[in-house]
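Numbering (the numbering used here), first residue to last: 16 to 196.
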């Protein structure tokens, strides 16, 4: 349920692998789901993100941090140790569960005690943009930028957004709408 891989893996999902395995790094490469990837160093400002999805927050006290922390499974200690060791790096904790007010306060106190820890609640995220096709999002952004007056429009940004889809954007005759060809 909770995993942390320090280091530098670029992973690619493989839908044909039911239980992907991770082999220990050797000679600057790592194998994941039968594919070799190079190990690359993380920039010192790249955030680390832990995740904890709790199905049963009631197993924790009403005012406790709802992340398991036992001798066998010291997940909360791992997060705190990462925050202590990586003082300059943001340590995100992506959480999901039906947490009580007291548990949310305990998580907020964890953020106060360790200034580089940031708790991200799944319920606070807006996933609506993921329902759209990426090309639709680009086209909406292009339309918004082109609607701005020339004096306030950022041409560099507009040109960058136009290039981003990696395919030709062609202007339809007589309008500002674009389509991917």
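Beta carbons: idealized from backbone N, C-alpha and C, even for Gly.
Just so it is clear, the structure is predicted and the values come from calculations on it, not from any experiment.
Exercise for review: Within the stretch 76-139, note down every full alpha helix (DSSP H) run reaching 4 residues or more, in order along the chain.
Suggested key: 90-100, 116-128
**Study point:** residue 178 (DSSP reduced to helix, strand or coil)
**Key:** Helix.
Exercise for review: Rounded to whole angstroms, what's the CA-CA distance from residue 178 to residue 94? Just pull it up for me.
Suggested key: 39 Å
**Study point:** 8 Å CB neighbourhood of residue 72 in its chain, flanking five on each side removed
**Key:** Closer than 8 Å at Cβ, skipping near neighbours: 81, 112, 113, 114, 115, 118.
Review point. Residue 53 by DSSP, collapsed to three states: which one?
Key: strand
Point to revise | beta strand (DSSP E) segment containing residue 66, residue limits | key: 63-68
Review point. What is the DSSP secondary structure of residue 143, counted as helix, strand or coil?
Key: Under the three-state reduction of DSSP output, residue 143 falls in the helix class.
Practice item. Output the distance between the C-alpha atoms of residue 68 and residue 164, rounded to the nearest integer angstrom. Key: 46 Å
Exercise for review: Measure the alpha-carbon distance for residue 77 versus residue 47 and round it to whole angstroms.
Suggested key: 39 Å
Practice item. Spatial neighbours of residue 174 within its chain, please: CB distance less than 8 Å, with the 5 preceding and 5 following residues excluded, ordered by chain position. Key: none
Check your understanding: To which residues does DSSP link residue 45 through a beta bridge?
Key -> 52
Exercise for review: If I'm right that residue 128 touches residue 104 with Cβ under 8 Å, what's the distance once you round it to whole angstroms?
Suggested key: Rounded, the Cβ-Cβ distance is 16 Å, inconsistent with contact.
Exercise for review: Measure the CB-CB distance between residue 153 and residue 176 and report whether it falls below 8 Å.
Suggested key: yes
Exercise for review: State the DSSP-derived secondary structure class of residue 156, mapped to helix, strand or coil.
Suggested key: helix
Review point. Would you call the CB atoms of residue 110 and residue 142 closer than 8 Å?
Key: Cβ distance not < 8 Å, so residue 110 and residue 142 don't count as in contact.
Practice item. Would you kindly work out how many angstroms separate the C-alpha atoms of residue 60 and residue 100, rounded to a whole number? Key: 13 Å
Point to revise | Pairwise C-alpha distance: residue 162 and residue 15 | key: The structure shown does not extend to residue 15, since the chain spans only 16 to 196, so no value can be given for it.
Practice item. Could you tell me if residue 123 is buried or exposed, where buried requires 16 or more neighbouring beta carbons within 10 angstroms of its beta carbon? Key: exposed
Exercise for review: Work out the CA separation of residue 145 and residue 167 for me, nearest whole Å.
Suggested key: Cα to Cα, residue 167 sits roughly 29 Å from residue 145.
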